[in-house]
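Residue numbers (the numbering used here), protein chains in the order written: chain A, 1 to 280; chain B, 1 to 183. Cβ coordinates follow ideal geometry from the N, Cα and C atoms, glycine included.
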Amino acid sequence: MTEERDAKVSAAYRGLGAEEPPRALDEAILAAARRDADARPALLAARAGRQRWYAPLATAAVLVLAVAVTLNMQTERPGIESPEPQSSAPPPAAVRDVAKAREKENREIAKLEVADAASAEKAPIARRKTAAPAVAADTRVARSKDDAPAAAPAAPPAASEPKPFMAERPAVTGSVSSEAARNVAPSAAGPLSQSAPAEALAKRAESADRADRGAASAPAAAPARMQQKVADTPERELERIAELRAQGRHEDADKALAEFRKRNPDYKIPEPMRARVERR
Amino acid sequence: MEAGDEELMLAYREGDAGAFERLYRRHKGALYRFVLRSIRDRAVAEELYQEIWMRAIEARARYEVHAKFTTWLYTIARNRLVDHWRKRGLTLVSLDQEAAAEAEPPAGAEYEPQRVLEAKQSLERFRRALEALPALQREAFLLHEEAGMNVAEIARATGANEDAAKSRLRYALSKLKEAMGDD
């Protein structure tokens with residue numbers, strides 16, 4: 001019933017006529033459609049072309065950037081990430097020089113240590129020669145710690161020649177480290193009467209090291225510790241006792257010798273040294 | 001076998017102007033009448049009709065087959081008509097208003113004193129009854145008649161729920177039948 005009535009209404013509606021848009025309107029719309037179809041495929045093709053380019057180009061750019069950054073990080077000086085304060089950091093070239101100088105110093109110190117141990121079996125004169133540079137190296141380390149950030153170029157000559165350590169000492173001025181160096185150096189070069197014993201030397205070096213620790217890096221502190229170790233060797237101590245004996249300070253020498261034997265009960269004093277340290 | 005509307009529109013999206021022409025010729029009359037009988041003013045109707053097709057042309061790159069082509073096309077048309085009415089300060093009445101309007105006799109639908117069986121007069125009454133329909137009811141009826149939409153499709157094209165679309169269509173048919181002197 002409803003369907004019939006709908007059909008009746010539909011028929012009545014159809015009776016109203018089947019108007020069509022004017023021909024001009026048809027032409028205008030179809031022309032616009034053709035224009036758009038002619039123009040847009042080109043745009044779409046261009047866009048598709050760009051899309052073909054974009055993905056590989058973007059990928060390549062990202063890869064190149066990643067490789068460049070990686071290479072740059074690999075060629076960076078190691079230690080750039082160390083906690084050294086950046087504000088006082090010298091220019092990279094100067095830093096490299098200082099690093100080289102420190103490496104050489106470390107090698108020299110190691111050599112001296114070995115030579116010192118070996119010379120315990122040799123002549124006392126030879127021992128004197130090795131002892132002085134060893135302690136002077138302490139001065140040099142303290143100086144280089146002090147001077148490196150400001151005047152790095154001065155380091156290489158000091159490192160290249162082991163002997164002029166003492167000659168360079170007057171150039172050291174100013175900081176706590178250099179002060180400590182001045183205190184340490186004469187004590188090593190001069191007689192024991194004017195200097196502290198080995199423990200005192202070690203303590204001074206350590207205090208200088210502590211005072212300097214704020215500005216100094218870990219690699220710089222290592223040679224100082226090694227110097228302290230060198231200063232504590234029995235040979236060195238015996239050498240000082242021998243010097244006391246030579247100066248006629250026999251009581252001091254006896255005390256020092258007794259103390260030495262107490263500390264090193266198993267140490268066998270070589271015969272030439274025994275002749276020098278024991279009271280005749 | 002003739003290509004479907006959606007197929008032709010997809011072909012046009014890819015740049016086939018001929019596909020659009022076929023599509024246009026297939027739907028131009030129905031859409032034109034839908035607009036003309038919604039607006040009444042022929043000049044305005046033609047302007048709106050052209051704008052509707054231009055919008056379809058512009059939107060072709062974004063066209064996806066989510067529904068029937070006619071649903072897509074008549075949704076564009078309806079949106080354009082709503083814009084037009086808004087500019088004129090007119091709005092489509094709500095369903096409640098439609099119900100209220102139902103009680104009122106359609107304007108211009110008065111019967112002539114003597115029943116003349118001439119077809120011309122009958123059609124004139126029908127035309128007046130159609131014009132007197134509330135906009136949403138008329139829209140539902142025109143979509144049903146011109147676009148061949150069922151209730152669900154009308155609901156989708158007009159953004160209404162199916163019950164509302166069904167109600168609108170039912171009221172429209174009822175009034176038109178009444179105008180035909182069928183009730």
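**OP:** Quick one: give me the first and last residue of the alpha helix (DSSP H) that Ile57 of chain B is part of.
**Re:** 42-58
Subject >> Which listed residue (B:Arg22, B:Gly18, B:Gln50, B:Ala17) has its alpha carbon closest to that of Arg33 of chain B >> reply: B:Gln50
Original post:
In chain B, which residues lie less than 7 Å from Ser34 of chain A when you measure between Cβ atoms?
Top reply: The question names Ser, but residue 34 of chain A in the sequence shown is Arg. By Cβ distance, chain B contributes Ala17.
Original post:
Leu143 of chain B and Met149 of chain B: beta carbons closer than 7 Å?
Top reply: yes
Original post:
What is the DSSP secondary structure of Gly15 of chain A, counted as helix, strand or coil?
Top reply: helix
Original post:
With distances taken from CA atoms, which of B:Ala61, B:Arg55, B:Trp85, B:Val65 is nearest Ala39 of chain A?
Top reply: B:Ala61
Original post:
How many whole angstroms separate the CB atoms of Leu23 of chain B and Leu8 of chain B, which I take to be in contact at a CB cut-off of 8 Å?
Top reply: 4 Å
Original post:
Do the region 31-45 of chain B and the region 256-268 of chain A meet, that is, are 3 or more Cβ pairs less than 8 Å apart?
Top reply: no
Original post:
Are Ala35 of chain B and Leu48 of chain B closer than 7 Å when you measure CB to CB?
Top reply: Looking at the sequence shown, residue 35 of chain B is not Ala but Val. Their beta carbons are under 7 Å apart, which means Val35 of chain B touches Leu48 of chain B by this criterion.
Subject >> Distance CB(Glu21 of chain B)-CB(Leu25 of chain A) smaller than 7 Å >> reply: no
**OP:** Tell me where the alpha helix (DSSP H) around Thr75 of chain B begins and ends.
**Re:** 69-87
Subject >> Closest by C-alpha distance to Lys120 of chain B, when choosing among A:Arg280, A:Arg263, A:Gly17 >> reply: A:Gly17
Original post:
Sorted by chain position, which residues of the same chain lie with C-beta nearer than 8 Å to Leu80 of chain B's C-beta, five sequence neighbours on each side aside?
Top reply: In the sequence under discussion, the amino acid at residue 80 of chain B is Arg, which differs from the Leu named in the question. So the qualifying residues of the chain are Leu48, Glu51, Ile52, Arg55.
Original post:
Does any CB atom of chain B fall closer than 7 Å to the CB of Pro56 of chain A?
Top reply: no
Subject >> Whole-angstrom distance between Arg249 of chain A and Lys268 of chain A, CA atom to CA atom >> reply: 23 Å
Subject >> Whole-Å CB distance - Leu169 of chain B paired with Val9 of chain A, under 8 Å assumed >> reply: With a Cβ gap of about 11 Å, Leu169 of chain B and Val9 of chain A do not count as contacting.
Original post:
Quick one: Cα of Tyr171 of chain B to Cα of Ala164 of chain B, how far?
Top reply: 11 Å
**OP:** Compute the distance between the beta-carbons of Arg125 of chain B and Ala67 of chain B, then report whether it is under 7 Å.
**Re:** no
Original post:
In angstroms, rounded to a whole number, what distance separates the CA positions of Ala137 of chain A and Ala61 of chain A?
Top reply: Annotation note: pLDDT 42 at Ala137 of chain A (below 50); position unreliable, no value reported.
**OP:** Might you give, ordered along the chain, the residues of its own chain that have their beta carbon closer than 6 Å to the beta carbon of Phe69 of chain B, omitting 5 neighbours on each side?
**Re:** Asp5, Glu6, Met9
**OP:** Answer yes or no: does any C-beta atom of chain A fall closer than 7 Å to that of Gln50 of chain B?
**Re:** yes
Original post:
Got a sec: is the Cβ-Cβ distance from Leu65 of chain A to anything in chain E below 7 Å?
Top reply: Judged by its chain identifiers, the structure shown contains no chain E, and its protein chains are A and B.
Subject >> Met9 of chain B in three-state terms, based on DSSP >> reply: helix
Original post:
Looking at the structure shown, is Ile39 of chain B part of a helix, part of a strand, or coil, going by DSSP?
Top reply: helix
**OP:** Express the C-alpha separation of Ser38 of chain B and Thr75 of chain B in angstroms, rounding to a whole number.
**Re:** 14 Å
Original post:
Taking the alpha helix (DSSP H) that Asp154 of chain B falls in, what are its first and last residues?
Top reply: For clarity, residue 154 of chain B is Ile in the given sequence; the question names Asp instead. Start and end: 151-158.
Original post:
Quick one, which of B:Glu153, B:Ile154, B:Gly18, B:Glu146 has its alpha-carbon nearest Tyr13 of chain A's?
Top reply: B:Glu146
Subject >> Min CB distance Glu6 of chain B to chain A below 7 Å >> reply: no
Original post:
Does any C-beta atom of chain B lie closer than 7 Å to the C-beta of Val62 of chain A?
Top reply: no
Original post:
What separation, rounded to the nearest whole angstrom, lies between the Cα atoms of Ala68 of chain A and Pro56 of chain A?
Top reply: 18 Å
**OP:** Could you confirm whether any beta carbon from chain B is found closer than 7 Å to the beta carbon of Leu71 of chain A?
**Re:** no
Subject >> Nearest-angstrom Cα separation, counted from Asn106 of chain A out to Glu237 of chain A >> reply: 22 Å
Original post:
So what does DSSP say about Met180 of chain B, is it helix, strand or coil?
Top reply: coil
Original post:
Listed in chain order, which residues of the region 20-54 of chain B have Cβ atoms closer than 7 Å to some Cβ of chain A?
Top reply: Phe20, Glu21, Tyr24, Lys28, Gly29, Tyr32, Arg33, Leu36, Glu46, Tyr49, Gln50, Trp53, Met54
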